[in-house]
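A.B. asks:
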Amino acid sequence: MRISLIGSGNVATHLANALFVLEYKIVQVYSQTLQNAQVLASQVGATAINQLTALQAADLYIIAVTDAAIAPICNELAPLELKGAVVHTSGSTDISILKNVGSQHGVFYPLQTFSKTSNISFKT
């Protein structure tokens, strides 16, 4: 499975590393600040990008940004006609925000607090 991460903060970092350990292929990491994308991308063998128009084909796009950034990101993604599934990681943002981004969409909301400097276990 090819995964693109949109975001490079706490949640994106933990998800990327957990997926990488499970041998999922993280292909791209997006951040408005290229240097932030590069830091996370280097950890998981991905390409860093700072333009959403540079997104390549993926099976799954994970939007892991602040709640306030989700709508603007979705507005930029809508014209790209992404073929893969698109999910966001917000517990307070309705799934309907993704309706124009792709036909396959959902919410992946991990019920815990994330910090880049803390180890997180995704095991139950």
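Residue numbers (full-length UniProt numbering): 1 to 124. The beta-carbon is built from N, C-alpha and C at its ideal position, and this holds for glycine as well.
1. Pull the bridge partners of His14 from the DSSP assignment, please.
2. Return the first residue and the last residue of the beta strand (DSSP E) that Gly62 is part of.
3. Using a Cβ distance threshold of 8 Å, determine whether the stretch 76-91 contacts the stretch 50-59, with at least three qualifying pairs required.
4. Looking at Asn10: is its Cβ nearer than 8 Å to the Cβ of Val44?
5. Since Thr13 contacts Gln28 with CB under 8 Å, what's their CB separation in whole angstroms?
6. Per the DSSP calculation, Thr47 is bridged to which residue(s)?
C.D. replies: In this structure, then:
1. The residue you call residue 14 lines up with position 14 of the sequence shown. As computed with DSSP, His14 is found in no beta bridge at all.
2. Here residue 62 is taken as the residue at index 62 of the sequence shown, counted from 1. Note that residue 62 is Ile in the sequence shown, not Gly. Per DSSP, Ile62 belongs to the beta strand (DSSP E) from Leu60 to Ile63.
3. Touching, yes.
4. Counting from 1 along the sequence shown, the entry for residue 10 is found at position 10. Counting from 1 along the sequence shown, the entry for residue 44 is found at position 44. No; because the gap between Cβ atoms is not below 8 Å, this pair is not in contact.
5. As a first step, residue 13 must be located in the sequence shown, where it is residue number 13. As a first step, residue 28 must be located in the sequence shown, where it is residue number 28. A Cβ-Cβ distance of about 15 Å is found for the pair Thr13 and Gln28, leaving them out of contact under the 8 Å criterion.
6. To locate residue 47, count along the sequence shown from 1; it is residue 47. According to DSSP, Thr47 bridges with Gln28.
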